[in-house]
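A.B. asks:
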Amino acid sequence: MEVDKGKGEAEETRKVAEADRDTVTLKSSDGKLFEVSKEAAARLSTVLAGMIAGGSIDDNGTDLKQIGSEALENVVDYCNKHANSIPSAALISSSISFNTAPFKEPEEWERKFVDRLSHDALFDLVEAANFLGMERLLDVTCHKISEMMKGKSPDQIREVFNIKNDYTKEELEEIRQELAWAFYDD
Amino acid sequence: MSTTAAGGSGVDALCDNVLASILARLPSTSVLRCRAVCRSWRRITTARSFLVNHVTRRPLQILTRSVYGYGGREVSATPLSVAGDAHPTRLFHRTRHEPSVARSSDVLYSLDGLLVVSKLPGLFGICNPSTRQWATLPALAPEPRPFDVVTCGFYFYSPHTSSGEYRLLCQVRHKYERYYCIFSTAGDALPRRCHGRQRPPRLTTSASLPYSVPVSRRGVLHWLVHPEDAFTGMMLAFDTASEAFRLMPRPPEWAGDDTRKRKLLELDGELAVAVEKGVSTLAVWELRDYEAEVWTLRYRVEVPPPSSIFGGTTTDNHTSVEWYISWIFSAGDGAILIGQGYHGFAARLYDLREKRIRGEVSLLPRGQQPAFLVFRESLVSHGFFDLPPNSEVAHIKFN
């Protein structure tokens, strides 16, 4: 009952202030609706920013057919958390200092955010981030997945990520011989 | 079927560019290992665009050399991280200890993940420690003897965007004849004379490194330290396309005769000289108008000496030591990397725009001497490495 009432109220608000709402409604591939702050969506996603600027946001739920509800929920969750974190903190990062690479280390909350996800949820989220042009979320999720690969042998990587080995025995032996040193020391 | 979109798709379902973006974050050794995972991963991680992107994500490292045991020498790289876990990784070491190869493991230049190593007098090697590939540059004809070869600079020459070659510029003396000579990685080209200047200056025997590591700007190499700096009071420039040499004015502010007190660097695309004044003042002059050769004072900042170099573990009293700056590199985005030290070493990132130190790390344990070169891993392939990776060549062994 509570939920329905909430939805009803949201409907009301939508009708009252259609033109200058401060949220946008996103619709997952399986038809679920999610509300996200317009400001956060525009700031964090180049695709949503483009849709908002171009007026192609549907107030009844903008269709994102490529994104499942679980991934979209995580996207929205990330946007909300990002909006609530101190904006300047995201810009000042200690670990960037000695690395001129464009990537800034994940914040503590971002780390926790991706750590609680299952492999599959993480993969869906990285695809969603890529699709929506969410550079920072893509960075954080890619970083997390790469951390899972670091220091692992090809066999271990195949096992962890459930990848089929499509090399012939001979081909694999050839690669191993060519890069023997890379397989032994870290 | 909506469940497939909602989850359960696994790593196989990731599109190539997402997978490439993940793999580009891995250290070089991990990337090489990933090539053995499956065909598509090999295809992604051998694509040139992937390799170029991978380089930009590698941390900057400082090259160091150290002496171990009886006459052993090794070259290591230490990543600059503020996490306090910066350990040197050995890149290669010398396996033979004869005096004739005493300097052979010295790294002369570091560029695009490649290191130039002196193998024997007049014989130079190029290696990529990340792929463990070696190539030896063609040797000078041994006659007439004797001759000396002094290295001046190493650069990438690319007349067309699609191709290019690495070149090593040297000053050679054959008996009474002196000339500049260019070694190239292109094909089997023999070392050739560089006709941009008929006769290089005479070298004083005392100077072990007559030419500093040059700073490149738009295809022109620049040296602050060169054989004629003392009596001309000028910088030396070499145009890598026309191969012409010329002398250029240096900044008007010049802290005496101590060459250690000024460093040439490239700052946001322009040539700059950092001059140390007193204990902690750094004046940064910029050649903003390169054509008119007009130097402008861009920054004058206070950079106090390092505070935490030894991590509080030493009992030595270093308070009387003058902390002269050993090297300064541009770290991009208005920041410079300052290396200074005496027995230990500190690397600090100083933000010139915000006038503050953004990070400091005590870099090197004892026994490690900085080579004053920065290094960034690269897996980009080069045609001149035609041999398969080899862990041991001549008297130098990787890792």
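Chains as they are written, first to last, in the UniProt record's numbering: chain A, 1 to 186; chain B, 1 to 399.
We treat Cβ as the ideally placed atom computed from N, Cα and C, and that holds for glycine.
Small disclaimer: the values here were computed from a predicted structure and weren't measured.
1) Does DSSP classify residue 39(A) as helix, strand or coil?
2) Express the C-alpha separation of residue 264(B) and residue 223(B) in angstroms, rounding to a whole number.
3) To which residues of the same chain is residue 148(B) closer than 6 Å at the C-beta, ignoring the five residues directly before and after it?
4) Using the DSSP secondary-structure output, state which residues sit across from residue 273(B) in a beta bridge.
5) Run through DSSP, which three-state label would residue 181(B) get?
6) Short of 7 Å in beta carbon distance, which residues of its chain neighbour residue 248(B), apart from the five on each side in sequence? Order them along the chain.
7) Please list, in chain order, the residues of the region 159-181 of chain A that have any C-beta partner in chain B closer than 7 Å.
8) Quick check: the region 153-162 of chain A against the region 42-57 of chain B, are at least 3 beta-carbon pairs closer than 8 Å?
9) Which bits of chain A does residue 36(B) rub up against, with CB to CB less than 7 Å?
10) Whose Cβ in chain B lies nearer than 8 Å to the Cβ of residue 215(A)?
11) What is the C-beta distance between residue 68(A) and residue 124(A), in whole angstroms, given that I count them as a contact (C-beta under 8 Å)?
12) Along chain B, which residues have their Cβ under 9 Å away from the Cβ of residue 79(A)?
13) For the region 111-134 of chain B, which residues have a CB atom closer than 8 Å to at least one CB atom of chain A, in sequence order?
14) Residue 382(B) CB to nearest chain A CB: under 9 Å?
15) To the nearest angstrom, report how far apart residue 87(B) and residue 79(B) are at their CA atoms.
16) With 9 Å as the threshold, decide whether the Cβ of residue 88(B) is near any Cβ in chain A.
17) Taking only beta-carbon positions, decide if residue 123(A) is within less than 9 Å of chain B.
18) Counting only C-beta atoms, is residue 12(B) closer than 9 Å to chain A at any point?
19) Counting beta carbon pairs with one atom in the region 42-50 of chain A and one in the region 128-145 of chain A, are three or more of them shorter than 8 Å?
20) In whole angstroms, what is the alpha-carbon distance linking residue 360(B) and residue 62(B)?
21) From this set, 353(B), 44(B), 210(B), 251(B), which residue's C-alpha is nearest residue 21(B)'s C-alpha?
22) Taking the continuous beta strand (DSSP E) assigned at residue 110(A), which residues delimit it?
23) Kindly indicate which three-state DSSP category residue 279(B) falls into: helix, strand or coil?
24) With 16 as the cutoff for other CB atoms within 10 Å, does residue 64(B) come out buried or exposed?
25) Identify the contact partners of residue 39(B) in chain A, using a Cβ-Cβ distance below 7 Å as the criterion.
26) Pick from 116(B), 165(B), 171(B), 112(B): whose alpha carbon is nearest that of residue 140(B)?
27) Is it right to say residue 339(B) is buried, meaning 16 or more other beta carbons lie within 10 angstroms of its own, or is it exposed?
28) If you draw a straight line from the alpha carbon of residue 129(A) to that of residue 39(B), how long is it in whole angstroms?
29) Show which residues of chain A have a CB atom less than 7 Å away from the CB atom of residue 328(B).
30) Could you name the residues that DSSP lists as bridge partners for residue 67(B)?
31) Reducing DSSP to helix, strand and coil, say where residue 204(B) ends up.
32) Please confirm if residue 398(B) has its CB atom under 9 Å from at least one CB of chain A.
33) Provide the residue(s) that pair with residue 211(B) in DSSP beta bridges, ordered along the chain.
34) How about residue 146(A): is its C-beta nearer than 9 Å to some C-beta of chain B?
35) When the Cα atoms are used, what is the spatial distance from residue 102(A) to residue 57(B)?
36) Is the Cβ of residue 27(B) closer than 9 Å to any Cβ of chain A?
C.D. replies: According to the structure data:
1) On the first sequence, position 39 is the one that residue 39(A) refers to. DSSP places residue 39(A) in helix when its eight states are reduced to three.
2) For this step, residue 223(B) is matched to residue 223 along the second sequence. For this step, residue 264(B) is matched to residue 264 along the second sequence. Looking at the two C-alpha atoms, the distance is approximately 8 Å.
3) The residue labelled residue 148(B) in the question sits at position 148 within the second sequence. Excluding sequence neighbours, residue 148(B) sits near 173.
4) Taking the second sequence and counting its residues from 1, one reaches residue 273(B) at position 273. BP columns for residue 273(B) point to 264(B), 285(B).
5) Numbered from 1 along the second sequence, position 181 holds the residue referred to as residue 181(B). Three-state result, residue 181(B): strand.
6) As a first step, residue 248(B) is located in the second sequence; it is residue number 248 there, counting from the start. For residue 248(B), the CB contacts under 7 Å within the same chain, skipping 5 residues up- and downstream, are 234, 235, 237, 293 in chain order.
7) 161, 162, 163, 164, 165, 166, 167, 172, 175, 176, 178, 179, 181
8) no
9) Indexing the second sequence from 1 puts residue 36(B) at position 36. Scanning chain A for C-beta atoms nearer than 7 Å to the C-beta of residue 36(B) yields 154, 172, 175, 176, reported in chain order.
10) What is shown of chain A runs 1 to 186, which leaves residue 215(A) out entirely.
11) Counting from 1 along the first sequence, the entry for residue 68(A) is found at position 68. Counting from 1 along the first sequence, the entry for residue 124(A) is found at position 124. Sure, about 6 Å apart at Cβ, within 8 Å.
12) Against the first sequence, residue 79(A) aligns to sequence position 79. Neighbours of residue 79(A) on chain B: none; closest Cβ ~19 Å, over 9 Å.
13) 132
14) For the purposes of this step, residue 382(B) is taken as residue 382 along the second sequence, with counting starting at 1. With 9 Å as the cut-off, residue 382(B) does not count as an interface residue toward chain A.
15) Residue numbering aside, residue 87(B) sits at position 87 when the second sequence is read from its first letter. Residue numbering aside, residue 79(B) sits at position 79 when the second sequence is read from its first letter. Cα to Cα, the separation comes out at about 7 Å.
16) What you label residue 88(B) is simply residue 88 of the second sequence in a count that begins at 1. It does not; no Cβ of chain A falls within 9 Å.
17) Taking the first sequence and counting its residues from 1, one reaches residue 123(A) at position 123. With 9 Å as the cut-off, residue 123(A) counts as an interface residue toward chain B.
18) Your numbering for residue 12(B) matches position 12 in the second sequence. Interface residue, yes.
19) yes
20) Numbered from its first residue, the second sequence carries residue 360(B) at position 360. Numbered from its first residue, the second sequence carries residue 62(B) at position 62. The alpha-carbon atoms of residue 360(B) and residue 62(B) are separated by roughly 14 Å.
21) In the second sequence, residue 21(B) corresponds to position 21, counting from 1. With distances taken between Cα atoms, residue 21(B) lies closest to 44(B).
22) To locate residue 110(A), count along the first sequence from 1; it is residue 110. Where residue 110(A) is concerned, there is no enclosing beta strand (DSSP E), although the alpha helix (DSSP H) it sits in stretches over 108-115.
23) Within the second sequence, numbered from 1, the residue matching residue 279(B) stands at position 279. Residue 279(B) falls in the coil class under three-state DSSP.
24) Translated into positions along the second sequence, residue 64(B) becomes position 64. Result: buried.
25) Counting from one through the second sequence, the residue named residue 39(B) turns up at place 39. Within chain A, the residues near residue 39(B) are 166, 167.
26) Stepping through the second sequence from its first residue, residue 140(B) is reached at position 140. Out of 116(B), 165(B), 171(B), 112(B), 171(B) has the C-alpha closest to the C-alpha of residue 140(B).
27) For the purposes of this step, residue 339(B) is identified with residue 339 of the second sequence, where counting begins at 1. Its Cβ being crowded by 16 or more others within 10 Å, residue 339(B) is buried.
28) In the first sequence, the residue the question calls residue 129(A) occupies position 129. In the second sequence, the residue the question calls residue 39(B) occupies position 39. Each residue's Cα considered, the two are about 26 Å apart.
29) Numbered from 1 along the second sequence, position 328 holds the residue referred to as residue 328(B). Neighbours of residue 328(B) on chain A: none; closest Cβ ~15 Å, over 7 Å.
30) Here residue 67(B) refers to the residue found at position 67 of the second sequence. Partner(s): 73(B).
31) Position 204 of the second sequence holds residue 204(B). Here residue 204(B) sits in coil by DSSP.
32) For the purposes of this step, residue 398(B) is taken as the residue at position 398 of the second sequence. Yes - at least one Cβ of chain A is within 9 Å of the one on residue 398(B).
33) Indexing the second sequence from 1 puts residue 211(B) at position 211. DSSP, once it has assigned bridges, lists no residue as partnering residue 211(B).
34) Counting from 1 along the first sequence, the entry for residue 146(A) is found at position 146. Interface residue, yes.
35) Taking the first residue of the first sequence as position 1, residue 102(A) is located at position 102. Taking the first residue of the second sequence as position 1, residue 57(B) is located at position 57. Because the pLDDT at residue 102(A) is just 47, under 50, the model does not fix this residue reliably, and the value given afterwards should be weighed accordingly. Cα to Cα, residue 102(A) sits roughly 7 Å from residue 57(B).
36) Locating residue 27(B) in the second sequence gives position 27, counting from the first residue. Yes, residue 27(B) counts as interfacial toward chain A.
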